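S.K.: My structure is below; once you've seen it, I'll send some questions.
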Amino acid sequence: MIIEKEYSINEDEFKDKVVLVTGANRGFGLAVTMDLARAGATVIMLGRDLGSLEYAYDAVVDAGLTEPMLYPLDLEGATPENYQELQDNLLNQFGKLDGLVHNASILGTQMPIEQYDIKLWYSTLQINLSAPFMLTQFLIPALLKSDDARVIFMSSTVGREARAYWGAYSVSKFGIEGFAKTLSEELEKTKISVNTVNPGKMRTEMRRAAYPAEDSSTVPLPEEKSQAIAFLLSSSSPKINGEQLTISD
33 MIIEKEYSIN EDEFKDKVVL VTGANRGFGL AVTMDLARAG ATVIMLGRDL GSLEYAYDAV
93 VDAGLTEPML YPLDLEGATP ENYQELQDNL LNQFGKLDGL VHNASILGTQ MPIEQYDIKL
153 WYSTLQINLS APFMLTQFLI PALLKSDDAR VIFMSSTVGR EARAYWGAYS VSKFGIEGFA
213 KTLSEELEKT KISVNTVNPG KMRTEMRRAA YPAEDSSTVP LPEEKSQAIA FLLSSSSPKI
273 NGEQLTISD
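Letter by letter, the sequence shown follows residues 33 to 281 of our numbering.
Structure follows, in structure tokens:
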């Protein structure tokens, strides 16, 4: 299903809503955070680097948008105890969670499977697949407290169609697609919807690493596509569940 990238965000559309965005300190995660904060949402900005999170926080506040909350967490090394602490803090402070955007991921490396570094394989699967599983599991109780909770897993073209040399990144995104579909079936009778989104081409650090010879000026900025995520998280948009969505170019 294709989602249009342009969406007119209304002021206070997300007033009193709480949304957690992983990898919110840069790129697409920061662009999504800015759009949600512009619409009045309180965004919990999760990232592993406190310095870049603080820089991103300043960008949101300096723009006069709703003040976000910073939550530094290393997804590669996070333990169940860390996720339990996050759940406790979130419920104590907000009492609910209205949206969860799984944006954080790493590229790993592009090489044949027979040559793939085993440690990097484990790291990529941990950050891109196992961490989203654990984070979601621990945040379901908070999502169930919302009248309209929406979970979005950022996916990729190589998570839906196999491509040589994309290794652990591709495998992790195939895993995300399967996990999201399973979760959507389990939660279909609740007020939580679950979908995956392939954002397509975007001018990010990860894309530059994946396509170093590409003319980046021809690639859309994250800010040109992030409004689609706000649309999908908005209660004014149709409630869909268990779908593979793609943002138009």
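From the three backbone atoms N, C-alpha and C, an ideal C-beta is built for every residue, glycine too. Remember, it's a predicted structure, so these values are computed and weren't measured experimentally.
Quick one: is residue 150 buried, meaning 16 or more other Cβ sit within 10 Å of its Cβ, or exposed?
M.R.: Exposed.
S.K.: Given that a residue counts as buried once 16 or more other Cβ atoms are within 10 Å of its Cβ, and exposed if not, what is residue 293?
M.R.: Look at the range of the chain in this structure, 33 to 281, and you will see that residue 293 is not part of it.
S.K.: Determine, using beta-carbon pairs with one atom in the segment 224 to 236 and one in the segment 196 to 214, whether at least three such pairs fall under 8 angstroms.
M.R.: The segment 224 to 236, when compared against the segment 196 to 214, does touch it at the 8 angstroms Cβ threshold.
S.K.: Grab the span of the alpha helix (DSSP H) containing residue 46 for me, first residue to last.
M.R.: Counting along the chain, residue 46 falls outside any alpha helix (DSSP H), and DSSP gives it neither H nor E.
S.K.: With 16 as the cutoff for other CB atoms within 10 Å, does residue 169 come out buried or exposed?
M.R.: With fewer than 16 Cβ atoms within 10 Å of its Cβ, residue 169 is classed as exposed.
S.K.: Do residue 54 and residue 78 have their CB atoms nearer than 8 angstroms?
M.R.: Against a cut-off of 8 angstroms, the Cβ pair of residue 78 and residue 54 comes out as a contact.
S.K.: Can you give me the C-alpha to C-alpha distance between residue 206 and residue 126, rounded to a whole angstrom?
M.R.: For residue 206 and residue 126, the distance between alpha carbons rounds to 33 angstroms.
S.K.: Could you give the DSSP three-state label for residue 148: helix, strand or coil?
M.R.: Residue 148: coil per DSSP, three-state reduction.
S.K.: To the nearest angstrom, how far is it from the Cα of residue 200 to the Cα of residue 192?
M.R.: About 14 angstroms.
S.K.: Ends of the alpha helix (DSSP H) at residue 102?
M.R.: Note, residue 102: premise wrong, no alpha helix (DSSP H); beta strand (DSSP E) at 101 to 104.
S.K.: What does the alpha-carbon distance come out to for the pair residue 164 and residue 134?
M.R.: Cα to Cα, residue 164 sits roughly 7 angstroms from residue 134.
S.K.: Beta carbon of residue 180, beta carbon of residue 51: below 8 angstroms?
M.R.: No.
S.K.: Applying the 10 Å Cβ sphere with the 16-neighbour rule, what's the burial state of residue 137?
M.R.: Buried is the call here.
S.K.: Exposed or buried, what is residue 190 when buried is set at 16 or more other beta-carbons lying within 10 Å of its beta-carbon?
M.R.: With 16 or more other Cβ atoms within 10 Å, it is buried.
S.K.: Where does residue 111 land, buried or exposed, given buried means 16+ other C-beta within 10 angstroms?
M.R.: Residue 111 comes out exposed.
S.K.: The alpha helix (DSSP H) spanning residue 65 covers which residue range?
M.R.: Note, residue 65: alpha helix (DSSP H), 59 to 70.
S.K.: Unbroken alpha helix (DSSP H) runs of length 4 or more, entirely within the segment 144 to 207: which are they?
M.R.: Here the runs fully enclosed are 150 to 157 and 163 to 175.
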